[in-house]
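Trainee: Handing you this structure, nothing more for now.
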Amino acid sequence: MGRAIAGRLVAGGHNVAVWNRTPGKAGEIVSAGAMEAAGIADAATGADVVITMLANDDAVRAVALGALRSAIGGQTVYVDCSTVSPELGAELAAAFPGRYVAMPVLGSPAAVEAGTSALLAGGDTGVVDRIRPVVASLSGTARRYDTAQLAITAKLATNLLLLSEVVALAESFAVGRSGGLRDDQLRDLLGASSVLPAGLANRFEDMLTGSQDGWWATALGAKDAGLALDVAAAAQVELPAARAVRQRYEEAASSGLRDADIAAVAQLYQVGAAH
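Quick note on my numbering: the sequence shown kicks off at 351 and runs consecutively.
What follows is the structure, encoded as structure tokens:
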């Protein structure tokens, strides 16, 4: 996703410096016109906006509250697009007062590249206004929230919905196959259904055929479901279905599908085998 964001900004005419925690992963974006920074400080120095897209709270905290905080300029706006906990959003807002925006992304890397993703921007209105050129380059749709915590919560709510839908579709396939329906019949019955949202429709064929390709790993799906559960638990709300959904992704991740797309959760449902 980070590569898609950087590529979209390069295509929009922005001067972009990139740094990846894994050496060599930035090659495609550098070839497209970005400058590869030697490190966090090199990437942040002189920037109007610094954007991070990382896997989890620990990764964001290590980067943002480590080298980035000491390197970032006083007028630079820090934007985190990662899916993290609302608590970390509050922590970052305190660490970067008046210059932090939480901006999770709704949509696939392909949607980001096409400019059709939706952005959830949370933070002070004046700070969000300062990054308007970046927002305009990335997407025509930006929903605003008063705080980082609200934007992050909105992201977790939408992620939980899609994660649950993927498990539900996998179980629909399992019911059909258990009763003797062929895959072509399932495709005809469910594939053209008007009730399938875009995120699910995009994964339909991969789920039916057992493909593991994609961008949202099962381990990250389990993490996101867990974050959603934590939000509800803090308000003393029980989410039994969400707990079961998280368990399915944890099982997928622990069964050799850790880096496979969340569509691979369908592989847990083998007709004739108990799970």
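Quick reminder that beta carbons are idealized off the backbone N, C-alpha and C, glycines included.
May I have the straight-line CA-CA distance separating residue 409 from residue 536, to the nearest angstrom?
Mentor: Position 59 of the sequence shown, counted from the start, is the residue given in the question as residue 409. Position 186 of the sequence shown, counted from the start, is the residue given in the question as residue 536. Going from the Cα of residue 409 to the Cα of residue 536 covers about 40 Å.
Trainee: With a floor of 4 residues, list each alpha helix (DSSP H) that falls wholly inside the stretch 454-515, ordered by position along the chain.
Mentor: You should have 459-464, 475-480 and 482-488.
Trainee: Taking Cβ to Cβ, would you say residue 390 is nearer than 7 Å to residue 452?
Mentor: As a working mapping, residue 390 is identified with position 40 in the sequence shown. As a working mapping, residue 452 is identified with position 102 in the sequence shown. No, these two residues do not count as a Cβ contact at 7 Å.
Trainee: With a threshold of 8 Å on Cβ separation, who are the neighbours of residue 380 within its own chain once the five nearest residues in sequence on each side are excluded?
Mentor: Stepping through the sequence shown from its first residue, residue 380 is reached at position 30. Within the same chain, residue 380 has close Cβ partners 368 and 386.
Trainee: Alpha carbon to alpha carbon, how far is residue 538 from residue 523? Give it in angstroms, no decimals.
Mentor: For the purposes of this step, residue 523 is taken as residue 173 along the sequence shown, with counting starting at 1. For the purposes of this step, residue 538 is taken as residue 188 along the sequence shown, with counting starting at 1. In a straight line, the C-alpha of residue 523 is about 12 Å away from that of residue 538.
Trainee: Residue 398 to residue 560, Cα distance in whole Å?
Mentor: By 1-based counting over the sequence shown, the position of residue 398 is 48. By 1-based counting over the sequence shown, the position of residue 560 is 210. Each residue's alpha carbon lies about 44 Å from the other.
Trainee: Would you tell me roughly how many angstroms separate the C-alpha atoms of residue 625 and residue 597, rounded to the nearest one?
Mentor: On the sequence shown, residue 625 is found 275 positions in, with the first residue counted as 1. On the sequence shown, residue 597 is found 247 positions in, with the first residue counted as 1. Residue confidence for residue 625 is low, a pLDDT of 46 falling below 50, so the modelled location carries little weight; the figure read from the coordinates is stated next. Going by the C-alpha atoms only, they are around 12 Å apart.
Trainee: In the structure shown, what three-state DSSP assignment does residue 625 receive?
Mentor: In the sequence shown, residue 625 corresponds to position 275, counting from 1. Bear in mind that a pLDDT of 46 at residue 625, under 50, signals an unreliable position, so the model cannot answer this.
Trainee: Which residues bound the beta strand (DSSP E) around residue 619?
Mentor: In the sequence shown, the residue the question calls residue 619 occupies position 269. Taken as a continuous stretch (DSSP letters only), residue 619 belongs to no beta strand (DSSP E), as it is neither H nor E.
Trainee: For residue 436, count the other beta carbons within 10 Å of its own beta carbon; 16 or more makes it buried, fewer makes it exposed. Which is it?
Mentor: Mapped onto the sequence shown, residue 436 falls at position 86. Counting Cβ neighbours within 10 Å, residue 436 comes out buried, since at least 16 surround it.
Trainee: Quick one: grab the DSSP three-state call for residue 355.
Mentor: Looking up residue 355 in the sequence shown gives position 5. The answer is helix: DSSP assigns residue 355 an H, G or I state.
Trainee: What's the gap between the Cα of residue 578 and the Cα of residue 515?
Mentor: By one-based count along the sequence shown, residue 578 stands at place 228. By one-based count along the sequence shown, residue 515 stands at place 165. The alpha-carbon atoms of residue 578 and residue 515 are separated by roughly 15 Å.
Trainee: Round the Cβ separation of residue 505 and residue 546 to the nearest angstrom and send it over; I've been treating them as touching at under 8 Å.
Mentor: Here residue 505 refers to the residue found at position 155 of the sequence shown. Here residue 546 refers to the residue found at position 196 of the sequence shown. That pair is no contact at about 21 Å.
Trainee: What's the gap between the Cα of residue 413 and the Cα of residue 388?
Mentor: In the sequence shown, residue 413 corresponds to position 63, counting from 1. In the sequence shown, residue 388 corresponds to position 38, counting from 1. Between residue 413 and residue 388, the C-alpha separation is close to 14 Å.
Trainee: Checking 7 Å against the spacing of the C-beta atoms, do residue 575 and residue 595 come in under that value?
Mentor: Within the sequence shown, the letter at position 225 stands for residue 575. Within the sequence shown, the letter at position 245 stands for residue 595. The answer is yes: Cβ separation under 7 Å.
Trainee: Who are residue 402's beta bridge partners in DSSP?
Mentor: Counting from 1 along the sequence shown, the entry for residue 402 is found at position 52. Answer by DSSP bridge pairing, in chain order: 430.
Trainee: Am I right that residue 454 and residue 565 are in contact with their C-beta atoms under 8 Å? What's the rounded C-beta distance?
Mentor: What you label residue 454 is simply residue 104 of the sequence shown in a count that begins at 1. What you label residue 565 is simply residue 215 of the sequence shown in a count that begins at 1. Not really, about 15 Å apart at Cβ, beyond 8 Å.
Trainee: Please classify residue 499: is it buried, with 16 or more other beta-carbons within 10 angstroms of its beta-carbon, or exposed?
Mentor: Within the sequence shown, residue 499 is the residue found at index 149, counting from 1. By the neighbour-count rule (16 or more Cβ atoms within 10 Å), residue 499 is buried.
Trainee: By the 10 Å Cβ neighbour count, where 16 or more other Cβ atoms means buried, how is residue 549 classified, buried or exposed?
Mentor: In the sequence shown, counting from the first residue as 1, residue 549 sits at position 199. It counts as buried.
Trainee: For residue 610, which of helix, strand or coil comes out of DSSP?
Mentor: If you number the sequence shown from 1, residue 610 lands on position 260. Residue 610: coil per DSSP, three-state reduction.
Trainee: Based on the DSSP output, what are the partners of residue 588 in its beta bridges?
Mentor: Here residue 588 refers to the residue found at position 238 of the sequence shown. According to DSSP, which records beta bridges pairwise, residue 588 is partnered with nothing at all.
Trainee: Should residue 534 be counted as a contact of the ligand HEM given a C-beta to heavy atom distance under 6 Å?
Mentor: This structure does not include the ligand HEM; it has no bound ligands of any sort.
Trainee: Assuming residue 370 contacts residue 376 under a Cβ cut-off of 8 Å, what Cβ separation, rounded to an integer in Å, is found between them?
Mentor: Here residue 370 refers to the residue found at position 20 when the sequence shown is read from its first residue. Here residue 376 refers to the residue found at position 26 when the sequence shown is read from its first residue. Right, their Cβ atoms sit about 5 Å apart.
Trainee: Could you tell me the boundaries of the beta strand (DSSP E) in which residue 413 lies?
Mentor: Within the sequence shown, the letter at position 63 stands for residue 413. Careful: residue 413 lies outside any beta strand (DSSP E), inside the alpha helix (DSSP H) at 407-413.
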